[in-house]
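Participant:
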Amino acid sequence: MKNKSLYTILVADDEPHVRSLLSSLLKTEGYNVVTAENGQHTLEVFRKESPDLILLDVRMPLMDGIETFKLIRQENDDVPVIMLTAHGTIETAVQAMKMGAFDYLAKPFNLEEIKIIIKKALEIHQISAELTALRQVFKGNQDIDNIVYKSSVMQEILRLSNIVSENDTTILLRGESGTGKDLLARYIHANSSRADQSFIKIHCGALPDTLIESELFGYEKGAFTGATTRKRGKIELAQGGTIFLDEIGEITPQVQVKLLHILQDREFERLGGTETLKTDARFIAATNKNLEQAMERKEFREDLFYRLNVFPIHIPPLRERKEDLPQLIEHFIKRFCQELNRPLITLREDTLSLLMLYEWPGNIRELENTIERAVILTPGSKITPQVLPQSINKYKSGSAQILSPPGGDRSLKDVMNDIEKQIIKKVLKETSGNRSKAADKLGISRRALHYKLVDYKLAEEE
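For the sequence shown, my numbering begins at 439 and goes up steadily by one.
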């Protein structure tokens with residue numbers, strides 16, 4: 439359960455002494471409390487404050503509790519409502535429970551019972567919200583605990599990610615599209631103290647300028663044409679958790695100013711609203727743009743850049759860390775065979791060679807799509823070059839040089855070692871024997887390259 443100070447409870451009762459009693463009790467417990475004295479007032483406060491829980495009296499003037507409850511449910515079918523009832527109205531409170539109220543409290547109140555029921559309602563509501571969020575991001579989350587890698591550069595990235603996940607520092611993930619920035623953001627969140635709170639993603643590049651502000655900050659009823667009810671924005675929904683701003687380089691100057699204000703002062707206003715809201719969400723941003731160049735062109739604010747760039751992590755493209763390819767290929771084959779409910783298949787040697795030679799401009803996303811297509815199109819137990827896209831098959835001549843003559847029924851490990859050996863030779867030739875440059879191009883450390891040269895007896899050939 440989140441810190442109690444992050445919860446706002448609405449106490450709606452026409453009796454001043456009841457409002458006073460419950461307000462004092464809940465404030466002592468650490469909750470924020472707002473009150474209302476009749477049904478109409480309850481709706482007004484509900485729309486203004488967006489409380490996390492409502493204590494609603496069954497009998498109130500102007501509009502009774504049941505009618506008020508129905509109207510609240512029309513606008514929000516999620517917020518937990520606990521009915522307050524005198525002995526003679528318990529049957530009405532039970533009726534409200536059948537309509538979706540969480541529980542009821544009978545007057546005169548048992549103060550310990552009030553605290554227990556409210557805590558239980560908030561905990562169940564939080565779990566329900568987290569389950570909803572998990573269902574929404576399950577596909578993206580299924581690989582969080584199994585980031586596939588072998589290269590030293592990815593080992594270093596995960597080392598840095600584990601360090602920074604322990605605090606609330608703002609992170610900027612940089613790299614080409616498809617390199618895995620989304621997965622790394624989820625990994626950092628899952629390993630942080632906020633892991634049991636929401637992870638909210640907003641794709642800044644996928645939303646038109648007219649929508650991105652309302653998605654980020656939310657809006658009040660009547661803020662613009664079509665705003666018939668209040669809506670919480672992504673930043674508000676990420677309270678206590680993490681908000682992931684993907685493709686941050688696409689946001690407009692107007693949104694940049696508002697985002698800078700949030701990062702500096704940790705507060706914002708909904709569109710059309712005057713109330714200042716606080717946020718304690720952790721911000722992770724990602725971009726495939728060169729933000730330094732965007733700053734030079736006055737397209738991206740310099741002050742916002744430095745607010746975001748507190749802890750930058752660069753994820754290199756797949757072509758610069760081909761050491762990860764065999765593991766990624768094997769991972770995707772297993773996954774898609776399971777999803778398609780078919781026996782596990784493998785790669786033919788010449789197919790693996792082609793995949794190792796290809797430059798992967800679309801990075802891991804392109805590799806994933808390629809393997810899915812290959813698994814679907816393969817009728818037998820071996821994936822052949824014929825099921826690969828033409829863009830990859832054009833590398834056949836290079837493939838023949840690496841795997842000539844064919845290796846027969848060698849193990850996958852032997853095939854990978856052979857391919858790796860030939861690629862190292864090729865890269866060393868391209869870098870004129872410069873081991874530091876070759877290691878950088880291969881995505882491994884200079885020491886790791888030295889060990890491989892010894893293992894493959896390539897050091898003797900230099």
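We treat Cβ as the ideally placed atom computed from N, Cα and C, and that holds for glycine.
Where do the N-terminal and C-terminal ends of the beta strand (DSSP E) with Asp684 fall, by residue?
Facilitator: Translated into positions along the sequence shown, residue 684 becomes position 246. Where Asp684 is concerned, the enclosing beta strand (DSSP E) stretches over Thr680 to Asp684.
Participant: At the level of alpha carbons, what is the spacing between Glu594 and Ile552?
Facilitator: Position 156 of the sequence shown holds residue 594. Position 114 of the sequence shown holds residue 552. One C-alpha to the other measures close to 50 Å.
Participant: Since Arg670 and Gly679 are thought to touch, with beta carbons under 8 Å apart, how far apart are those beta carbons, to the nearest angstrom?
Facilitator: Your numbering for residue 670 matches position 232 in the sequence shown. Your numbering for residue 679 matches position 241 in the sequence shown. About 13 Å; that fails the 8 Å criterion.
Participant: Going straight from the alpha carbon of Asp762 to that of Leu491, what length do you get?
Facilitator: One-based indexing of the sequence shown puts residue 762 at position 324. One-based indexing of the sequence shown puts residue 491 at position 53. Using only the alpha carbons, I get a separation of about 49 Å.
Participant: Going by beta-carbon coordinates alone, are Pro389 and Gly477 separated by less than 9 Å?
Facilitator: Examination of residue 389 is not possible in this model, given that the chain is present from 439 through 900 alone.
Participant: Assuming the contact rule is C-beta atoms closer than 8 Å, Ile528 and Ala559 should be a hit. Round their C-beta distance to whole Å, please.
Facilitator: In the sequence shown, counting from the first residue as 1, residue 528 sits at position 90. In the sequence shown, counting from the first residue as 1, residue 559 sits at position 121. The Cβ separation is near 18 Å, so there is no contact.
Participant: By alpha-carbon positions, which one of Lys557, Ala724, Leu654 and Lys639 ends up nearest to Gly616?
Facilitator: For the purposes of this step, residue 616 is identified with residue 178 of the sequence shown, where counting begins at 1. Nearest of Lys557, Ala724, Leu654 and Lys639 to Gly616, Cα basis: Ala724.
Participant: Taking only three categories from DSSP, how would you classify Tyr744?
Facilitator: Numbered from 1 along the sequence shown, position 306 holds the residue referred to as residue 744. Looking at Tyr744 - three-state DSSP - the assignment turns out to be helix.
Participant: Hey, how far is the Cα of Met592 from the Cα of Lys486?
Facilitator: In the sequence shown, the residue the question calls residue 592 occupies position 154. In the sequence shown, the residue the question calls residue 486 occupies position 48. Each residue's Cα considered, the two are about 47 Å apart.
Participant: For Leu654, I'd like the list of residues in its chain whose CB is within less than 8 Å of its CB, leaving aside the five on either flank, ordered along the chain.
Facilitator: Counted from its first residue, the sequence shown places residue 654 at position 216. Counting only Cβ-Cβ distances below 8 Å, and skipping sequence neighbours, we find Ile640, Gly671, Lys672, Ile673, Val693, Lys696 and Leu697.
Participant: By a C-beta neighbour count over all protein chains shown, 10 Å radius and 16 as the cutoff for buried, is Ala539 buried or exposed?
Facilitator: Against the sequence shown, residue 539 aligns to sequence position 101. The residue in question, Ala539, is buried, as its Cβ has 16 or more Cβ neighbours within 10 Å.
Participant: So the candidates are Phe706, Phe749 and Trp798; which of them puts its Cα closest to the Cα of Ile904?
Facilitator: Given a span of 439 to 900 for the chain in the structure shown, any question on residue 904 remains unanswerable.
Participant: Taking its Cβ as the centre, do 16 or more other Cβ atoms sit within 10 Å of Gly660, making it buried, or is it exposed?
Facilitator: As a working note, residue 660 is residue 222 in the sequence shown. Under this definition Gly660 is an exposed residue.
Participant: Is it the case that the Cβ atoms of Leu522 and Met501 are separated by a distance below 9 Å?
Facilitator: The sequence position of residue 522 within the sequence shown is 84, counting from 1. The sequence position of residue 501 within the sequence shown is 63, counting from 1. Cβ atoms of Leu522 and Met501: not closer than 9 Å.
Participant: With a CB to CB cut of under 8 Å and the five nearest residues on each side skipped, what residues in its chain are close to Pro817?
Facilitator: Mapped onto the sequence shown, residue 817 falls at position 379. Nothing listed; no residue qualifies.
Participant: DSSP three-state call for Leu901: helix, strand or coil?
Facilitator: Outside the shown range of the chain (439 to 900) lies residue 901, about which nothing can therefore be said.
Participant: Starting from the Cα of Ile447, find the closest Cα among Leu493, Arg803 and Arg735 and give me that residue.
Facilitator: Position 9 of the sequence shown, counting from 1, holds the residue named residue 447. The shortest Cα separation from Ile447 among Leu493, Arg803 and Arg735 belongs to Leu493.
Participant: Find the nearest neighbour of Asn902 within the set Phe721, Ile722 and Lys736, judged by alpha-carbon distance.
Facilitator: With the chain represented from 439 up to 900, any question about residue 902 goes unanswered, as that position is not in the structure.
Participant: Just the Cα atoms here: how many angstroms apart are Ile554 and Leu598?
Facilitator: Taking the first residue of the sequence shown as 1, we reach residue 554 at position 116. Taking the first residue of the sequence shown as 1, we reach residue 598 at position 160. Taking the straight line from one Cα to the other gives about 41 Å.
Participant: Could you check how far apart the C-beta atoms of Val865 and Leu880 are, in whole angstroms? I think they sit under 8 Å.
Facilitator: By one-based count along the sequence shown, residue 865 stands at place 427. By one-based count along the sequence shown, residue 880 stands at place 442. Contact holds; Cβ gap of about 6 Å.
Participant: Please go through the region 647-709 and give each complete alpha helix (DSSP H) segment of 4 or more residues, from N-terminal end onward.
Facilitator: DSSP runs (the alpha helix (DSSP H)) wholly in the region 647-709: 647-655, 672-675 and 691-703.
Participant: Count the other CB atoms within 10 Å of the CB of Pro781; is the residue buried (16 or more) or exposed (fewer)?
Facilitator: On the sequence shown, residue 781 is found 343 positions in, with the first residue counted as 1. Classification of Pro781: exposed, given that the 10 Å Cβ count is below 16.
Participant: Helix, strand or coil for Ala897? Go by DSSP, reduced to three states.
Facilitator: For the purposes of this step, residue 897 is taken as the residue at position 459 of the sequence shown. In this structure, Ala897 counts as helix in the three-state DSSP scheme.
Participant: To the nearest angstrom, how far is the alpha carbon of Ala886 from that of Asn872?
Facilitator: Residue 886 sits at position 448 when you count from the first residue of the sequence shown. Residue 872 sits at position 434 when you count from the first residue of the sequence shown. The alpha-carbon atoms of Ala886 and Asn872 are separated by roughly 14 Å.
Participant: Using the rule of at least 16 other Cβ atoms within 10 Å of the residue's Cβ for burial, across every protein chain shown, is Asp388 buried or exposed?
Facilitator: Here the chain has residues from 439 to 900 only, and residue 388 is not among them.
Participant: Under 8 Å, with one C-beta from each stretch per pair, do the region 711-720 and the region 751-766 reach the 3-pair mark?
Facilitator: Taking 8 Å as the limit for Cβ pairs, the verdict is that the region 751-766 does not touch the region 711-720.
Participant: Applying the criterion that 16 or more other CB atoms from any shown protein chain within 10 Å of the CB defines a buried residue, is Asp515 buried or exposed?
Facilitator: Within the sequence shown, the letter at position 77 stands for residue 515. So Asp515 counts as exposed.
Participant: Below 8 Å, is the gap between the Cβ of Phe637 and the nearest heavy atom of the ligand HEM?
Facilitator: Of ligands this structure carries none, so the ligand HEM is not represented either.
Participant: Shortest alpha-carbon distance to Gln860 belongs to which of Thr822, Leu792 and Ile821?
Facilitator: Translated into the one-based positions of the sequence shown, residue 860 becomes position 422. For Gln860, the nearest C-alpha among the options comes from Leu792.
Participant: Are the beta-carbon atoms of Arg720 and Asp606 separated by less than 9 Å?
Facilitator: Working through the sequence shown from its first residue, we reach residue 720 at position 282. Working through the sequence shown from its first residue, we reach residue 606 at position 168. Yes, these two residues count as a Cβ contact at 9 Å.
Participant: Have a look at Ser589, Ser631, Ile821 and Phe484 and flag the residue whose alpha-carbon is nearest the alpha-carbon of Lys772.
Facilitator: Walking along the sequence shown from the start, residue 772 turns up at place 334. Minimum Cα distance to Lys772 is reached at Ile821.
Participant: With DSSP as the reference, identify every bridge partner of Pro750, one or two as the case may be.
Facilitator: Working through the sequence shown from its first residue, we reach residue 750 at position 312. Per DSSP, Leu610.
Participant: Let me know the secondary structure DSSP gives Phe576 once reduced to three states.
Facilitator: Translated into positions along the sequence shown, residue 576 becomes position 138. In this predicted model, Phe576 has a pLDDT of only 45, less than 50, meaning its place in the structure is not dependable enough to derive any value.
Participant: For the candidate residues Ile565, Ile809, Lys465 and Glu734, whose alpha-carbon lies nearest to that of Thr784?
Facilitator: As a first step, residue 784 must be located in the sequence shown, where it is residue number 346. Comparing Cα positions, the closest option is Ile809.
Participant: From which residue to which residue does the beta strand (DSSP E) around Phe470 run?
Facilitator: Along the sequence shown, read from residue 1 onward, the residue named residue 470 stands at position 32. With the sequence shown as reference, residue 470 is identified as Asn, and Phe is not the correct amino acid for it. From DSSP, the beta strand (DSSP E) with Asn470 extends over Asn470 to Ala474.
Participant: Does the Cβ-Cβ distance between Leu805 and Leu742 come in under 9 Å?
Facilitator: Taking the first residue of the sequence shown as 1, we reach residue 805 at position 367. Taking the first residue of the sequence shown as 1, we reach residue 742 at position 304. No, these two residues do not count as a Cβ contact at 9 Å.
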